[in-house]
Amino acid sequence: MHVFLPVTGPDRHTALPWVHHVWRRCAEVAGMDQAVAALPAAPPDALADLPTGSRPVAACTGPGPGVHQALLYREHDLLCLSVVLAPDPPTGWEASERLWERLVGGGPVAAPTIGEARLFLATGEWPPTPQAAVTRTGFRVWEESALDDQRQVRRLFAVAPAGHTVRLSDWTWTGGPPVPAPLTRYLMSMATIRHQLRMWAHADELRAARDEADTLLDRLLPTLDDDPVAATTAEETVLTWTRHLARLRSTEARLVTAATDLRRVRRTVQIAAANGDRAIRPEVSPDPAGPGPFRDDHALTEWFTHRLDDDGEYLDAARERISTLTPLIEHALAQRWQDRRERISLAQAAVVGALVVLLTTAQAVAYDVPLPNAAKSGLVVTAGAAALYLPLLALRPAVPAHRARITRYAHVALAAAGAGAVWTVTVAVAPGAGPVATVAPPVAAFAVVWAAAAVTDLLRRRRRRGAA
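In the working numbering, the protein residues as written are 18 to 485.
Have a look at this one:
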């Protein structure tokens, strides 16, 4: 039995606790409490205490009869826990599998495995097995597992010709030094590939980011319309486009991250496939043509590699589309904001110019506005507030980051203009009114105008969010 566990990544902290649980169960249930050679009889307590590189970590064995051993190796970023259950006299594969399930069951944490391989071995004559691969030594190897390509647990059977018991043990368990056997290394590599396949199959972020980028670009393409009517787009529409552009930049960053992750997965699969081929090459052709698990693994690796290449091509196409169109869209949006600012500035200049001409003409002909002095003060407030309100309107699209704050200032200026106008009318109509009668209408007008402007702006923002 071989179990492969990560020593890096989010599940690394549960790997050793699970190994310790199985190790204790091996001692309690199967009597594996004796040391092997010069290796520690138990795994270390912390990941930091594991040896680096590719080295044995711990081993234990039972007194017999038969062979009951557990070996723990580190293979770079993985731990490999290998357990052999070979009682004497033999009790059969089903009994050995039930014993294994007792050893690994009931742990304090779920097994953080990237894969598990259960090997059932035999020697001598065996009924024909058409689904088996035949190695150069004559081992017949087949698999009886779920058909799911993403399966974590594999059940493989290997039968050697009579007289090849030691050779079969060397190929599937270990021979001499406590290092993983060739088939163990191969299964570790295939477990790595299937682990990457599972993560890729559930990595919806890549596809979601690619789809979102296409959707946002489709929504932004109207900004490149040269129609002169489209150039006078409403402010709400331009604001919606601006928000889409900000989301597109964020999506582009996600695509960059996805591309990096995809290259990492592609390289991991390449390395694992090469390591697996190298491990079994003396016994199995690197391009197996017959039936059996080796051909299935080879076909899965090729298919997965092609899918990763396809994803990379689509991802590159999406990023190229963004990098090509984004500068054009940014320029078009900047031009639309500039056109809007110019229109507001022209309106402001026209209003201010008209007021200046009016006041200059009135002064030239010595015209005195027939209003009480208090009403004239209200007129001054109205004109000043209006003069402040117009440039704030022009400033809002120019500084999108402070749009909300500028809008609040504009609401205050508009409310002040309304209050000034009501003040002027109130004093002009009832010059002898008391302080309360004079002050109350402008204050009420200020509140009403400010509230109306705020509610109108809120409704516009909700409409824009709905359109987005």
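Using N, Cα and C, we set each Cβ at its ideal position, and we do this for glycine too.
As the structure is a computational prediction, the values presented were derived from the model and not from experiment.
Let me check understanding here. Comparing Cα to Cα, which of the options lies closest to residue i?
i, options, result
"T220", "A276, A175 and H85", "The question names Thr, but residue 220 is Ala in the sequence shown. That would be A276, whose Cα lies nearest to the Cα of A220."
"Y203", "Q167, E300 and L214", "E300"
"R172", "S206, W190, R135 and V196", "R135"
"P82", "V74, L185, R227 and A47", "A47"
"H85", "A55, C43, R298 and W440", "C43"
"W190", "G180, A175 and A179", "A175"
"H30", "A225, I131 and A63", "A63"
"I25", "P73, P61, L96 and E347", "As written in the sequence, residue 25 is Thr, which differs from the Ile given in the question. For the residues P73, P61, L96 and E347, the minimum Cα distance to T25 belongs to L96."
"G155", "A177, R115 and R281", "A177"
"H315", "A290, R295, E118 and A334", "A290"
"A334", "A226, F311 and R420", "A226"
"A434", "R422, R413, G395 and V472", "G395"
"W143", "A179, E118, R115 and D165", "A179"
Is residue i helix, strand or coil when you go by DSSP?
i, result
"V246", "Its pLDDT being 45, under 50, V246 is placed unreliably in this model, and the value from its coordinates should be taken loosely. Correct three-state label for V246: coil."
"S267", "helix"
"D28", "coil"
"G132", "strand"
"W159", "strand"
"A87", "strand"
"H37", "helix"
"R413", "coil"
"L262", "helix"
"A59", "coil"
"E111", "helix"
"S302", "coil"
"H219", "coil"
"H181", "coil"
"E337", "helix"
"T69", "coil"
"Q169", "coil"
"P199", "helix"
"L64", "helix"
"V74", "strand"
"T191", "coil"
"A447", "coil"
"E142", "coil"
Flag this pair as yes or no: are the beta carbons of residue i and residue j separated by less than 9 Å?
i, j, result
"W188", "P308", "no"
"P389", "V442", "no"
"A76", "P107", "no"
"R215", "Q169", "yes"
"L332", "L241", "no"
"V100", "V183", "no"
"T343", "L272", "no"
"R283", "L325", "yes"
"V53", "P61", "no"
"V466", "L431", "yes"
"L233", "S186", "no"
"L410", "V255", "no"
"W35", "A127", "yes"
"A163", "R157", "no"
Is residue i close to chain B? Criterion is C-beta to C-beta, closer than 9 Å.
i, result
"R91", "This model lacks chain B altogether; it includes just one protein chain."
If we ignore side chains and look at the alpha-carbon of each, how far apart do residue i and residue j end up?
i, j, result
"P23", "E133", "12 Å"
"A447", "A392", "10 Å"
"L120", "L262", "56 Å"
"Y426", "A400", "16 Å"
"A32", "P129", "6 Å"
"W258", "R336", "19 Å"
"S206", "Q51", "30 Å"
"P245", "L345", "Note on P245: pLDDT 45, under 50, position unreliable in the model; the coordinate value appears next. Roughly 17 Å between the two C-alpha positions."
"E269", "D228", "11 Å"
"P27", "A402", "60 Å"
"I339", "A230", "8 Å"
"E45", "G79", "11 Å"
"V151", "W217", "32 Å"
"A436", "T424", "18 Å"
"A296", "L317", "18 Å"
"Q167", "V20", "16 Å"
"A404", "D328", "57 Å"
"I131", "A87", "19 Å"
Does any heavy atom of the ligand SAM sit closer than 8 Å to the C-beta of residue i?
i, result
"T152", "Of the ligands one can find in the structure shown there are none, so the ligand SAM has no counterpart to examine."
(message) So, does the stretch 107-123 touch the stretch 203-215, judging by three or more C-beta pairs under 8 Å?
(response) no
(message) Would you call the stretch 88-96 in contact with the stretch 67-77, where contact means no fewer than 3 C-beta pairs closer than 8 Å?
(response) The stretch 88-96 vs the stretch 67-77: in contact.
(request) Examine the Cβ distances between the stretch 454-469 and the stretch 219-239 and report whether three or more of them are shorter than 8 Å. (result) no
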